[in-house]
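Since the structure comes first, as structure tokens, the remarks are kept for the end.
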Amino acid sequence: MTHYSSVFLVVAFMLLPQNGLSGTKLPLRQSVLEEADRILNLANVSYVYGGKQLGHSSHCDACTSCLSEKVPQKNRRLEVCPVCRSCSLDCSHFVSLVFTQAGLRAPYLTTSQMRDLPTDTLRRRYGWVNLGNRASRALPGDLLVYPGHVVIVEKVIKPGTGHVVHATSGKEVRGPGQGIQRQTLVTFKTYKGPLQKVLRHESLLKELRRTLSPKYGVRSKL
Numbered sequence: 014m015t016h017y018s019s020v021f022l023v024v025a026f027m028l029l030p031q032n033g034l035s036g037t038k039l040p041l042r043q044s045v046l047e048e049a050d051r052i053l054n055l056a057n058v059s060y061v062y063g064g065k066q067l068g069h070s071s072h073c074d075a076c077t078s079c080l081s082e083k084v085p086q087k088n089r090r091l092e093v094c095p096v097c098r099s100c101s102l103d104c105s106h107f108v109s110l111v112f113t114q115a116g117l118r119a120p121y122l123t124t125s126q127m128r129d130l131p132t133d134t135l136r137r138r139y140g141w142v143n144l145g146n147r148a149s150r151a152l153p154g155d156l157l158v159y160p161g162h163v164v165i166v167e168k169v170i171k172p173g174t175g176h177v178v179h180a181t182s183g184k185e186v187r188g189p190g191q192g193i194q195r196q197t198l199v200t201f202k203t204y205k206g207p208l209q210k211v212l213r214h215e216s217l218l219k220e221l222r223r224t225l226s227p228k229y230g231v232r233s234k235l
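Straight run, no breaks: the sequence shown in my numbering ends on number 235.
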């Protein structure tokens with residue numbers, strides 16, 4: 014796919030009606046965005062490196078309390094607060110959970126694997142399509158892979174700029190229990206360092222192709 018056709022797809026996507034992410038338009042993509050939003054709005058989900066599940070709210074509260082009381086180093090949170098194994102997430106487990114809960118196959122991958130695995134392996138084994146590192150190609154539901162971090166694009170304001178949702182321990186987090194964040198008006202190319210890859214789930218790619226090809230005459234393989 015050429016740079017110009019990828020930008021055209023972004024523009025075409027943005028020209029869809031406001032309800033273009035719901036109903037019969039792009040239901041798979043909408044389910045991913047809704048699941049990310051659902052987890053975002055849960056109270057007391059902490060970022061913990063190695064955290065990989067959402068448990069009962071009491072487990073989330075216990076994790077938050079332990080982190081607040083003991084204030085462990087970021088890479089020792091599970092060791093110091095083992096209760097966090099029952100309710101906490103890191104960025105890559107957040108991505109896997111969102112897509113799995115949305116009904117799509119999304120085996121867990123570390124950010125290093127997302128960055129380093131060959132394009133064919135990413136697609137054949139894990140269902141992720143590598144779109145390269147051009148920020149203008151990113152659409153809602155895509156992953157932006159940075160050195161040591163990954164986010165989900167929630168909304169594109171203009172090609173290369175928009176809102177993202179992610180699990181983070183960064184400066185936007187004021188304390189435990191606020192590990193899932195929405196960041197608005199992000200410059201995709203440089204948000205968490207240089208953009209390494211834009212990844213699109215194969216199911217979302219196929220859905221987008223089915224929707225946009227008849228409407229806009231798109232003939233590329235997306």
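All residues carry an ideal CB built from backbone N, CA and C; glycine is no exception.
Note that this is a predicted model, so its numbers are computed, not measured.
Next on the checklist: Taking the straight line between their C-alpha atoms, what separation do you get for Gln209 and Ser109?
Outcome noted: Locating residue 209 in the sequence shown gives position 196, where the first residue counts as 1. Locating residue 109 in the sequence shown gives position 96, where the first residue counts as 1. If you take the alpha carbons of Gln209 and Ser109, they lie about 19 Å apart.
Checklist entry - Given Ser105, which residues of its chain have a CB within under 8 Å of its CB, disregarding the five upstream and five downstream residues? => result On the sequence shown, position 92 is the one that residue 105 refers to. Here Ser105 has Tyr121, Leu122, Thr123, Thr124, Met127, Val163 as same chain residues with Cβ atoms under 8 Å from its own Cβ, once five neighbours each way along the sequence are excluded.
Checklist entry - Buried or exposed: where does Val84 fall if 16 or more other Cβ atoms within 10 Å of its Cβ makes it buried? => result Taking the first residue of the sequence shown as 1, we reach residue 84 at position 71. Its Cβ having fewer than 16 others within 10 Å, Val84 is exposed.
Checklist entry - My guess is that Ala115 and Glu220 are in contact by the Cβ rule of under 8 Å, so how many angstroms apart are they, rounded? => result Against the sequence shown, residue 115 aligns to sequence position 102. Against the sequence shown, residue 220 aligns to sequence position 207. Rounded, the Cβ-Cβ distance is 12 Å, inconsistent with contact.
Checklist entry - DSSP beta-bridge partners for Gly145? => result Along the sequence shown, read from residue 1 onward, the residue named residue 145 stands at position 132. DSSP, once it has assigned bridges, lists no residue as partnering Gly145.
Checklist entry - According to DSSP, is Gln194 helix, strand or coil? => result Numbered from its first residue, the sequence shown carries residue 194 at position 181. Correct three-state label for Gln194: strand.
Next on the checklist: I'd like the span of the beta strand (DSSP E) that includes Cys210, first residue to last.
Outcome noted: On the sequence shown, position 197 is the one that residue 210 refers to. What sits at residue 210 in the sequence shown is Lys, not Cys. Residues 210 to 214.
Checklist entry - Are the stretch 126 to 145 and the stretch 87 to 98 touching by the rule of at least three beta carbon pairs closer than 8 Å? => result no
Item to check | Sheet register partners of Ala180 (DSSP bridge) | outcome: On the sequence shown, position 167 is the one that residue 180 refers to. According to DSSP, which records beta bridges pairwise, Ala180 is partnered with Ile193.
Next on the checklist: Let's see if you can read the secondary structure: which residues bound the alpha helix (DSSP H) around His69?
Outcome noted: Against the sequence shown, residue 69 aligns to sequence position 56. Where His69 is concerned, there is no enclosing alpha helix (DSSP H), given that its DSSP letter is neither H nor E.
Next on the checklist: By alpha-carbon positions, which one of Arg118, Gly188, Val169 ends up nearest to Asn57?
Outcome noted: On the sequence shown, residue 57 is found 44 positions in, with the first residue counted as 1. Closest by C-alpha distance to Asn57, out of Arg118, Gly188, Val169, is Gly188.
Next on the checklist: On the criterion of 16 or more Cβ atoms from any shown chain inside 10 Å, does Gly183 qualify as buried, or is it exposed?
Outcome noted: Translated into positions along the sequence shown, residue 183 becomes position 170. Label assigned to Gly183: exposed.
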